[in-house]
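Below you'll find the structure, written out as C-alpha coordinates, and then a few comments.
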Amino acid sequence: EDWDPAFSPDGKHMLWSSNRSGAMEIRQANADGSRARQVTQDGVDAENPTQTRDAQWIVYTSGNPKHPGVWKIHPDGTGATALVNGTNTNLPEVSPDGQWVLYNRTEDNGNATLSVASVKDGVEAFQTTVELRRKSPSALGRGRWTPDGRQVIFTGQNDQALDGVFIQDFVPGQDTLKTRKPLAGFDPDWVTESLGLSLDGTRLVLSE
(Lines of atoms letter the chains of each structure in order from A; the text may use other names.)
(Lines give C-alpha, C1' and ligand atoms only; values in the text may rest on other atoms or scores of the structure.)
Protein backbone atom coordinates (compact mmCIF):
# COMPACT_ATOMS: atom_id res chain seq x y z
CA GLU A 206 0.00 0.00 0.00
CA ASP A 207 1.25 3.46 -0.95
CA TRP A 208 -0.23 6.61 0.62
CA ASP A 209 0.24 10.34 1.16
CA PRO A 210 2.22 11.31 -1.97
CA ALA A 211 3.92 14.69 -1.97
CA PHE A 212 6.67 16.49 -3.84
CA SER A 213 9.68 18.02 -2.18
CA PRO A 214 9.60 21.86 -2.35
CA ASP A 215 12.14 21.89 -5.20
CA GLY A 216 10.13 19.32 -7.17
CA LYS A 217 13.09 16.95 -7.51
CA HIS A 218 11.83 14.22 -5.20
CA MET A 219 8.66 12.39 -4.26
CA LEU A 220 7.75 11.52 -0.69
CA TRP A 221 5.15 9.01 0.42
CA SER A 222 4.24 6.35 2.99
CA SER A 223 4.47 2.65 2.06
CA ASN A 224 4.16 -0.69 3.83
CA ARG A 225 6.35 -2.58 1.36
CA SER A 226 8.84 -3.22 4.20
CA GLY A 227 6.09 -4.64 6.43
CA ALA A 228 5.23 -1.44 8.32
CA MET A 229 4.14 1.95 7.03
CA GLU A 230 7.38 3.91 6.53
CA ILE A 231 8.31 7.17 4.81
CA ARG A 232 10.03 6.66 1.47
CA GLN A 233 11.70 9.03 -0.98
CA ALA A 234 12.45 8.74 -4.69
CA ASN A 235 13.52 10.95 -7.55
CA ALA A 236 10.62 12.68 -9.29
CA ASP A 237 10.75 10.14 -12.11
CA GLY A 238 10.36 7.27 -9.60
CA SER A 239 13.99 6.15 -9.68
CA ARG A 240 16.18 5.48 -6.64
CA ALA A 241 13.27 4.80 -4.29
CA ARG A 242 14.43 4.11 -0.75
CA GLN A 243 13.13 3.91 2.80
CA VAL A 244 13.85 6.90 5.04
CA THR A 245 12.26 6.09 8.43
CA GLN A 246 12.61 3.08 10.73
CA ASP A 247 9.42 3.70 12.70
CA GLY A 248 8.45 0.04 12.79
CA VAL A 249 4.68 0.61 12.93
CA ASP A 250 3.15 3.60 11.18
CA ALA A 251 4.92 6.63 9.68
CA GLU A 252 2.67 8.77 7.49
CA ASN A 253 2.04 12.15 5.81
CA PRO A 254 5.56 13.31 4.91
CA THR A 255 6.25 16.99 4.24
CA GLN A 256 9.67 18.56 3.67
CA THR A 257 11.37 21.83 4.58
CA ARG A 258 12.37 24.12 1.72
CA ASP A 259 16.08 23.69 2.45
CA ALA A 260 15.58 19.90 2.10
CA GLN A 261 17.21 19.31 5.49
CA TRP A 262 14.19 17.75 7.20
CA ILE A 263 11.25 15.52 6.39
CA VAL A 264 8.43 15.99 8.91
CA TYR A 265 5.87 13.22 9.43
CA THR A 266 3.51 11.65 11.96
CA SER A 267 4.16 8.43 13.84
CA GLY A 268 1.38 6.13 15.01
CA ASN A 269 3.80 3.90 16.89
CA PRO A 270 2.29 3.53 20.39
CA LYS A 271 5.79 3.67 21.88
CA HIS A 272 6.40 7.19 20.54
CA PRO A 273 3.34 8.72 18.82
CA GLY A 274 3.43 12.27 17.54
CA VAL A 275 5.03 14.55 14.97
CA TRP A 276 8.63 13.72 14.06
CA LYS A 277 11.40 15.07 11.85
CA ILE A 278 14.20 13.18 10.13
CA HIS A 279 16.95 13.95 7.62
CA PRO A 280 16.36 12.55 4.11
CA ASP A 281 19.30 10.17 4.59
CA GLY A 282 17.48 8.57 7.54
CA THR A 283 19.55 10.14 10.32
CA GLY A 284 18.59 12.49 13.13
CA ALA A 285 15.07 11.23 13.85
CA THR A 286 13.67 13.58 16.50
CA ALA A 287 10.26 13.88 18.15
CA LEU A 288 8.80 17.39 17.76
CA VAL A 289 5.33 16.91 19.27
CA ASN A 290 4.44 13.98 21.52
CA GLY A 291 0.99 12.46 21.83
CA THR A 292 -1.63 10.36 20.13
CA ASN A 293 -4.07 11.57 17.48
CA THR A 294 -1.61 14.04 15.95
CA ASN A 295 -2.21 14.13 12.21
CA LEU A 296 -1.47 15.68 8.84
CA PRO A 297 1.66 17.81 9.34
CA GLU A 298 2.35 20.54 6.80
CA VAL A 299 5.65 22.48 6.81
CA SER A 300 5.40 26.24 6.27
CA PRO A 301 6.79 27.79 3.05
CA ASP A 302 9.82 29.15 4.92
CA GLY A 303 10.48 25.80 6.63
CA GLN A 304 10.34 27.23 10.15
CA TRP A 305 6.96 25.89 11.26
CA VAL A 306 4.85 22.75 11.04
CA LEU A 307 1.07 22.92 11.00
CA TYR A 308 -0.73 19.83 12.30
CA ASN A 309 -3.99 18.83 13.93
CA ARG A 310 -5.00 16.75 16.90
CA THR A 311 -8.37 14.99 17.13
CA GLU A 312 -9.94 15.47 20.55
CA ASP A 313 -12.21 13.02 22.39
CA ASN A 314 -15.23 15.27 21.81
CA GLY A 315 -14.72 15.25 18.03
CA ASN A 316 -13.24 18.73 17.84
CA ALA A 317 -9.89 19.28 16.17
CA THR A 318 -7.10 21.38 17.62
CA LEU A 319 -5.09 23.02 14.84
CA SER A 320 -1.59 23.82 16.06
CA VAL A 321 1.72 25.19 14.80
CA ALA A 322 5.06 24.18 16.29
CA SER A 323 8.66 25.10 15.53
CA VAL A 324 10.50 22.67 13.24
CA LYS A 325 13.68 23.56 15.13
CA ASP A 326 12.61 22.48 18.61
CA GLY A 327 8.90 21.58 18.60
CA VAL A 328 7.84 24.56 20.74
CA GLU A 329 4.18 25.37 20.10
CA ALA A 330 3.53 28.86 18.75
CA PHE A 331 -0.13 28.77 17.70
CA GLN A 332 -3.33 26.90 18.49
CA THR A 333 -6.97 27.20 17.44
CA THR A 334 -10.00 24.96 17.87
CA VAL A 335 -12.10 23.64 14.97
CA GLU A 336 -15.48 22.66 16.42
CA LEU A 337 -17.45 19.59 15.38
CA ARG A 338 -21.08 20.71 15.03
CA ARG A 339 -22.43 17.51 13.51
CA LYS A 340 -21.03 14.05 12.90
CA SER A 341 -18.96 13.97 9.72
CA PRO A 342 -17.28 11.17 7.76
CA SER A 343 -14.32 13.50 7.25
CA ALA A 344 -11.78 14.58 9.86
CA LEU A 345 -11.83 18.28 10.65
CA GLY A 346 -8.81 20.55 10.59
CA ARG A 347 -6.89 19.36 7.55
CA GLY A 348 -4.69 22.38 6.93
CA ARG A 349 -2.52 24.08 4.33
CA TRP A 350 -0.37 27.22 4.34
CA THR A 351 -0.86 30.22 2.10
CA PRO A 352 2.23 30.88 -0.07
CA ASP A 353 3.39 33.77 2.13
CA GLY A 354 3.05 31.69 5.33
CA ARG A 355 0.92 34.37 6.99
CA GLN A 356 -2.34 32.43 6.95
CA VAL A 357 -3.59 28.86 7.23
CA ILE A 358 -6.55 27.34 5.41
CA PHE A 359 -8.31 24.30 6.81
CA THR A 360 -11.44 22.17 6.73
CA GLY A 361 -14.15 22.79 9.31
CA GLN A 362 -17.86 23.36 9.88
CA ASN A 363 -19.79 26.63 9.98
CA ASP A 364 -22.59 27.69 12.33
CA GLN A 365 -25.06 25.72 10.18
CA ALA A 366 -22.88 22.59 10.59
CA LEU A 367 -21.96 22.57 6.90
CA ASP A 368 -18.48 21.40 5.91
CA GLY A 369 -16.12 23.72 4.06
CA VAL A 370 -12.80 25.56 4.16
CA PHE A 371 -11.80 28.49 6.37
CA ILE A 372 -8.84 30.87 6.32
CA GLN A 373 -7.23 32.36 9.44
CA ASP A 374 -4.22 34.54 10.16
CA PHE A 375 -1.12 32.93 11.64
CA VAL A 376 0.77 35.11 14.12
CA PRO A 377 3.15 33.25 16.47
CA GLY A 378 2.01 33.54 20.07
CA GLN A 379 -1.32 35.22 19.28
CA ASP A 380 -4.97 34.13 19.24
CA THR A 381 -6.21 35.05 15.77
CA LEU A 382 -9.68 33.47 15.94
CA LYS A 383 -11.33 36.80 15.10
CA THR A 384 -9.64 36.74 11.68
CA ARG A 385 -11.21 33.39 10.71
CA LYS A 386 -13.33 33.62 7.53
CA PRO A 387 -15.16 31.03 5.38
CA LEU A 388 -13.58 30.48 1.97
CA ALA A 389 -15.34 27.73 0.01
CA GLY A 390 -17.53 24.66 0.24
CA PHE A 391 -20.40 24.72 2.76
CA ASP A 392 -22.74 22.95 0.33
CA PRO A 393 -25.52 21.00 2.12
CA ASP A 394 -25.13 18.12 -0.35
CA TRP A 395 -21.38 17.69 0.07
CA VAL A 396 -18.72 17.09 2.71
CA THR A 397 -15.32 18.74 2.22
CA GLU A 398 -12.61 16.10 2.80
CA SER A 399 -9.37 17.70 1.65
CA LEU A 400 -7.95 20.69 -0.16
CA GLY A 401 -5.02 22.04 -2.14
CA LEU A 402 -3.79 25.53 -2.94
CA SER A 403 -1.98 26.67 -6.08
CA LEU A 404 1.59 27.94 -5.72
CA ASP A 405 0.51 31.55 -6.37
CA GLY A 406 -2.36 31.27 -3.89
CA THR A 407 -5.07 32.23 -6.38
CA ARG A 408 -6.76 28.85 -6.87
CA LEU A 409 -8.20 26.47 -4.30
CA VAL A 410 -9.21 22.91 -5.13
CA LEU A 411 -11.52 20.91 -2.86
CA SER A 412 -12.10 17.20 -2.55
CA GLU A 413 -15.83 16.81 -1.84
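If you're matching positions, the sequence shown starts at 206 in my numbering and goes up one per residue. For glycine and all other residues, C-beta sits at the position ideal for the given N, C-alpha and C. Keep in mind the model is a prediction, meaning the values are calculated, not measured.
task = Look at the alpha carbon of P393 and the alpha carbon of R347, and state the distance between them as a whole number of angstroms.
result = Looking up residue 393 in the sequence shown gives position 188. Looking up residue 347 in the sequence shown gives position 142. In a straight line, the C-alpha of P393 is about 19 Å away from that of R347.
ask   = Between the Cα of V370 and the Cα atoms of R310, Q379, W350, P377, which residue gives the shortest distance?
value = Here residue 370 corresponds to residue number 165 of the sequence shown, with the count starting at 1. Nearest of R310, Q379, W350, P377 to V370, Cα basis: W350.
request  = Could you check which residue in R338, D405, E230, Q256 has the C-alpha nearest to that of R242?
outcome  = Numbered from 1 along the sequence shown, position 37 holds the residue referred to as residue 242. Of the candidates R338, D405, E230, Q256, the one whose C-alpha sits nearest the C-alpha of R242 is E230.
query = Using DSSP with H/G/I as helix, E/B as strand and the rest coil, what is T384?
reply = The residue labelled residue 384 in the question sits at position 179 within the sequence shown. If DSSP states are grouped into helix, strand and coil, T384 belongs with the helices.
Cβ neighbour criterion (16 or more within 10 Å) applied to F331 = As a first step, residue 331 must be located in the sequence shown, where it is residue number 126. Buried.
Bridge partners - E230, DSSP secondary structure assignment = Residue numbering aside, residue 230 sits at position 25 when the sequence shown is read from its first letter. S223.
inquiry  = The beta strand (DSSP E) that contains K277, what's its start and end?
reply    = On the sequence shown, residue 277 is found 72 positions in, with the first residue counted as 1. 274-278 is the span of the beta strand (DSSP E), which, as asked, contains K277.
query = What residue from S226, A322, W208, L319 has the CA that sits closest to M219's CA?
reply = Residue numbering aside, residue 219 sits at position 14 when the sequence shown is read from its first letter. Measuring from the Cα of M219, the nearest candidate turns out to be W208.
query = Taking the C-alpha atoms as reference points, what is the distance between V410 and R240?
reply = Counted from its first residue, the sequence shown places residue 410 at position 205. Counted from its first residue, the sequence shown places residue 240 at position 35. Answer to the nearest angstrom: the Cα atoms are 31 Å apart.
inquiry  = What residue range does the beta strand (DSSP E) around R258 cover?
reply    = Taking the sequence shown and counting its residues from 1, one reaches residue 258 at position 53. Note, R258: premise wrong, no beta strand (DSSP E); not H, not E.
query = When burial is assigned at 16 or more other CB atoms within 10 Å of the CB, is D247 buried or exposed?
reply = Locating residue 247 in the sequence shown gives position 42, counting from the first residue. With 16 or more Cβ atoms within 10 Å of its Cβ, D247 is classed as buried.
query = Does DSSP put N290 in a helix, in a strand, or in coil?
reply = Indexing the sequence shown from 1 puts residue 290 at position 85. Residue state, collapsed to three classes: strand.
query = For S223, which residues from the same chain have a beta carbon less than 6 Å from its beta carbon, with the 5 sequence-adjacent residues on both sides left out?
reply = Locating residue 223 in the sequence shown gives position 18, where the first residue counts as 1. D207, R232, listed in sequence order.
request  = With L307 as the anchor, note down where its beta strand (DSSP E) starts and where it stops.
outcome  = Counting from one through the sequence shown, the residue named residue 307 turns up at place 102. Segment 305-311, the beta strand (DSSP E) holding L307.
key: Reduced DSSP category for P297 - H, G, I as helix; E, B as strand; rest coil   = Here residue 297 refers to the residue found at position 92 of the sequence shown. If DSSP states are grouped into helix, strand and coil, P297 belongs with the strands.
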